[in-house]
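Asks: Numbering (our numbering), first residue to last: 6 to 379.
No residue lacks a Cβ here, since even glycine has one placed at the ideal position from N, Cα and C.
All figures in this text were calculated on a predicted structure; none of them were measured in a lab.
1. How is residue 377 classed by DSSP in three states: helix, strand or coil?
2. Leaving aside the five residues before and after residue 214 along the sequence, list all residues of the same chain whose C-beta is less than 7 Å from its C-beta, in chain order.
3. Hey, could you find the ends of the beta strand (DSSP E) residue 117 is sitting in?
4. Round the Cβ separation of residue 148 and residue 192 to the nearest angstrom and send it over; I've been treating them as touching at under 8 Å.
5. Hey, would you say residue 307 sits closer than 8 Å to residue 280, going by beta carbons?
6. Could you have a look at residue 334 and say whether DSSP puts it in helix, strand or coil?
7. Assuming residue 295 contacts residue 311 (C-beta within less than 8 Å), just tell me the rounded distance between them.
8. Measure the alpha-carbon distance for residue 254 versus residue 264 and round it to whole angstroms.
9. Under a Cβ-count criterion, where at least 16 other Cβ atoms within 10 Å of its own Cβ denotes burial, should residue 292 be classed as buried or exposed?
10. Give the single residue among 58, 165, 359, 377 whose Cα lies nearest to the Cα of residue 133.
11. So residue 195 packs on residue 298, CB below 8 Å; how close in whole Å?
12. Work out the CA separation of residue 178 and residue 328 for me, nearest whole Å.
13. Note down the Cα distance separating residue 71 from residue 54, rounded to an integer number of angstroms.
14. What do you reckon, are the CB atoms on residue 141 and residue 353 nearer than 8 Å?
15. Could you tell me the boundaries of the alpha helix (DSSP H) in which residue 238 lies?
16. DSSP has residue 432 in a bridge; who is on the other side?
17. Run through the DSSP bridge pairs and tell me what residue 372 is partnered with.
18. For residue 31, count the other beta carbons within 10 Å of its own beta carbon; 16 or more makes it buried, fewer makes it exposed. Which is it?
19. So, under 8 Å CB-CB, residue 83 and residue 362 are touching, yes? Tell me the CB distance rounded to an integer number of Å.
20. Have a look at residue 198 and residue 274 and give me their C-alpha separation to the nearest angstrom.
21. Enumerate in chain order the residues of its own chain whose CB-to-CB distance from residue 237 is below 6 Å, with the five nearest sequence positions on each side excluded.
22. Comparing alpha-carbon positions, which option in 110, 187, 369, 309 lies nearest residue 340?
23. Do residue 368 and residue 100 have their beta-carbon atoms positioned less than 8 Å apart in this structure?
24. Which partner residues of residue 296 appear in the DSSP bridge assignment?
25. What are the partner residues of residue 247, as DSSP defines its beta bridges?
26. Here's the rule: buried if 16 or more other CB atoms are within 10 angstroms of the residue's CB, otherwise exposed. What is residue 380?
27. How long is the line joining the alpha carbons of residue 38 and residue 116, rounded to whole angstroms?
28. For residue 202, report the span of its beta strand (DSSP E) as first-last.
29. From the DSSP output, read off the bridge partner residues of residue 193.
30. What's the gap between the Cα of residue 92 and the Cα of residue 86?
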């Protein structure tokens, strides 16, 4: 597991735990020994992500996946607690200054409010863990165009994030649910592989059960680069899937599917996107569907509809709030220049804590339909 990422996570955690210690221990009537216990507790929570490193897998043994989920739940519940505590206090201070709420420094009131806040955070954390581990719901996106002559269904599977802690049973449920939609074609939108290939052989074998008459296609995401670009591509090709790297294929005489490498990891992977090359073989009048891991509005919009993932819809608070501030395309449908459209899927899984809050996972089904003339 990436030590740099875990180190950054722990640094963020220690800052968050410091905020919680001040609000829940220092600004309270807890006795000194209680403050000491809370200091040890919050410090331990800040350090927790380090215990989920792959280096500890042998130590935890068969319980490792469960331990990782416990770590994720405990750590992220504390982060959620910090977030809602800061929001609560901001509102509380405003109401106090307006004369409609007691002082946020009133120890008796703070104790009661803190207990309620902790309970809310625990409930939110428990639901977030459930939402991150459950089988994704099917999200149908209907796209109409005069270029399309008959209905055509594409199943898009972004951000599978196969890693050793992911249950193979969940993979099988995702495959079965996708096949049940009877797609004409399936496209894997990157971040499919998120671990050493020898640790996810079962997951890959189950993925091979995807069924679509016009084939299964894939593009790369940033995590394929981290896991080894060439090896990841070769592994997916060995499943019989078609790689789209600045290339495309006519799914039907009226529909062309193009795909290219992840735009954000191109410097590291050495594989840059080329829009012109991607659609070089498309014929005039074909509906052009672009598969891109990271959503973007490209100057050379040579497509009609783009399907992307990568963002996880923000995944969980407080990340979701930060992404709303700087991510131009977070989740859902967007209009692009030149009349093109974009749909950003919230994805199927996640590479960090296996938790989702206000950003549910989804299997995205694109229904390409003819535009009815009035």
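Replies: Concretely, from the data shown:
1. The DSSP-derived three-state label of residue 377 is coil.
2. A distance below 7 Å between beta-carbons, with the five flanking residues on each side excluded, links residue 214 to the following residues of its chain, in chain order: 180.
3. Counting along the chain, no beta strand (DSSP E) covers residue 117; the unbroken alpha helix (DSSP H) around it starts and ends at 112–138.
4. The Cβ separation is near 14 Å, so there is no contact.
5. A contact, by the Cβ cut-off of 8 Å.
6. Here residue 334 carries a coil assignment [DSSP, helix/strand/coil].
7. The Cβ separation is near 4 Å, so the contact holds.
8. Between the C-alpha atoms of residue 254 and residue 264 there is a straight-line separation of about 9 Å.
9. It counts as buried.
10. Residue 359 is the option with its Cα nearest to residue 133.
11. 3 Å between Cβ atoms; contact.
12. Distance between the alpha carbons of residue 328 and residue 178: 30 Å.
13. So the alpha carbons of these two residues sit roughly 14 Å apart.
14. Yes, the Cβ-Cβ distance between residue 141 and residue 353 is below 8 Å.
15. From DSSP, the alpha helix (DSSP H) with residue 238 extends over 227–242.
16. Any property of residue 432 remains undetermined from this structure, which presents the chain solely from 6 to 379.
17. Bridge partners of residue 372: 147, 158.
18. Here residue 31 is exposed: its Cβ has fewer than 16 other Cβ atoms, across all protein chains shown, within 10 Å.
19. No, residue 83 and residue 362 are not in contact; Cβ-Cβ is about 14 Å, not under 8 Å.
20. Taking the straight line joining both Cα atoms gives about 15 Å.
21. Around residue 237, the same chain offers 198, 229 as residues with beta carbons nearer than 6 Å, after the five sequence neighbours per side are excluded.
22. The candidate whose alpha carbon is nearest that of residue 340 is 309.
23. Contact: no.
24. Beta-bridge pairing links residue 296 to 264, 312.
25. Note: residue 247 sits in a beta bridge opposite 222.
26. The question about residue 380 has no answer here: the residues shown for the chain are numbered 6 through 379.
27. In a straight line, the C-alpha of residue 38 is about 17 Å away from that of residue 116.
28. It is not in any beta strand (DSSP E) - residue 202 carries neither H nor E in the DSSP assignment.
29. Answer by DSSP bridge pairing, in chain order: 162, 223.
30. Near 10 Å, if we compare the C-alpha coordinates of residue 86 and residue 92.
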